[in-house]
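Residues in the sequence shown are numbered from 906 upward in steps of one, following the numbering used here. Ideal placement from N, C-alpha and C gives every residue a C-beta, glycine not left out.
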Amino acid sequence: MDILKEYILSLGADIVGYADLSAIPSDYRSSLPYGISIGIALNSSVVEKIPSGTAILEYSNEYESINTKLDQICVLVSEFIQDNNYHALPQTISFVQVQRSTNGTEYIPGRALLPHKTVAAISGIGWISKSSLLITPQYGSALRLTSVLTDMPLDVVKTDYQCKCGECTLCIDACPGNVIKNRIWDVAVDRDDLIDFSACRKVTLSRGKEYGRTSGTCGICVAVCPYTRKHLS
906 MDILKEYILS
916 LGADIVGYAD
926 LSAIPSDYRS
936 SLPYGISIGI
946 ALNSSVVEKI
956 PSGTAILEYS
966 NEYESINTKL
976 DQICVLVSEF
986 IQDNNYHALP
996 QTISFVQVQR
1006 STNGTEYIPG
1016 RALLPHKTVA
1026 AISGIGWISK
1036 SSLLITPQYG
1046 SALRLTSVLT
1056 DMPLDVVKTD
1066 YQCKCGECTL
1076 CIDACPGNVI
1086 KNRIWDVAVD
1096 RDDLIDFSAC
1106 RKVTLSRGKE
1116 YGRTSGTCGI
1126 CVAVCPYTRK
1136 HLS
């Protein structure tokens, strides 16, 4: 294991991947050629209870707690890279918000110029599913992601990042908002081609409002994914 990856895992990450981003438009990646994908798995006991509706508040708290931890890891990894005389840009939640506004586009929740899951898919740690979530063999879609952009040379792997959902429609059938369009992702497919994000947002906000969560909550597509179920078992 290389020193950088070992360091990232020591900070609490569960999965790390390196991506060659040279095929991504330069302004989307801040002219930096590599991306580091960092993931933390969601608490299995919380994910297990999502379909029954008994963990809505727990899931929301878990989601926000991991997002905060990922931001912290992201900054520390960037500092580590900079200490080794390379450039690094942590794609924290606040950075994504600022990046959107400075590119003349109103910030849309859940939207980034370079999504974390795109970096993750290119790195080879998983693929983007019909529900637009990243799925990994180890954790299914029960994880949260962040990413760091850098010019530090990384040992990247070549991958076709092919969607492995096949004919499965479990997330489509279970979605309370009926927002998943049953399309297969590839690099030319936008998130909005996969799901009706506006409708998804309305459902999550409605579910979250019942528990005083302004950011919304759901997680059904995460919990019913066969790869997530395999991880939970």
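8 Å Cβ shell around residue i - same chain, five flanking residues per side excluded
| i | result |
| --- | --- |
| residue 1112 | 961, 1081, 1121, 1122 and 1123 |
Per DSSP, cross-strand counterpart(s) of residue i
| i | result |
| --- | --- |
| residue 1053 | 941 and 995 |
| residue 1079 | In DSSP, residue 1079 forms no bridge with anything. |
| residue 1039 | 1033 |
| residue 920 | 944 |
| residue 1085 | 1100 |
| residue 925 | 939 |
Sequence-distant residues of its chain with Cβ nearer than 6 Å to residue i (five each side left out)
| i | result |
| --- | --- |
| residue 1059 | 923 and 939 |
| residue 1057 | 986 and 991 |
| residue 1026 | 1032, 1033 and 1066 |
| residue 910 | 921 |
| residue 963 | 951 |
| residue 934 | 926, 1019 and 1054 |
| residue 983 | 993, 995 and 1053 |
| residue 1084 | 1100, 1101, 1104 and 1105 |
Simplified DSSP state of residue i, which is helix, strand or coil
| i | result |
| --- | --- |
| residue 1048 | strand |
| residue 1129 | helix |
| residue 986 | helix |
| residue 960 | coil |
| residue 1113 | helix |
| residue 1094 | coil |
| residue 1064 | coil |
| residue 1026 | helix |
| residue 970 | helix |
| residue 910 | helix |
| residue 1118 | coil |
Straight-line Cα distance separating residue j from residue i
| i | j | result |
| --- | --- | --- |
| residue 1069 | residue 1048 | 18 Å |
| residue 1088 | residue 1076 | 12 Å |
| residue 1028 | residue 1090 | 16 Å |
| residue 1012 | residue 1062 | No answer about residue 1012 holds up, because its pLDDT of 48 lies below 50 and its placement is not dependable. |
| residue 995 | residue 1066 | 23 Å |
| residue 1034 | residue 1098 | 12 Å |
| residue 1093 | residue 980 | 30 Å |
| residue 1114 | residue 1106 | 12 Å |
| residue 968 | residue 1110 | 14 Å |
| residue 919 | residue 943 | 8 Å |
| residue 1038 | residue 1138 | 20 Å |
Contact belief for residue i with residue j at Cβ below 8 Å, rounded distance in angstroms
| i | j | result |
| --- | --- | --- |
| residue 975 | residue 945 | 6 Å |
| residue 1154 | residue 1130 | An answer regarding residue 1154 cannot be provided, because it is not within the stretch 906 to 1138 covered by the chain. |
| residue 930 | residue 1128 | Actually they do not touch by this definition, with Cβ atoms about 34 Å apart. |
Own chain, CB closer than 7 Å to residue i, minus 5 neighbours either side, in chain order
| i | result |
| --- | --- |
| residue 1135 | 1045 |
| residue 972 | 998 and 1049 |
| residue 912 | 985 |
| residue 1074 | 1087 |
Contact test: residue i Cβ vs the ligand ATP heavy atom, cutoff 7 Å
| i | result |
| --- | --- |
| residue 908 | This structure does not include the ligand ATP; it has no bound ligands of any sort. |
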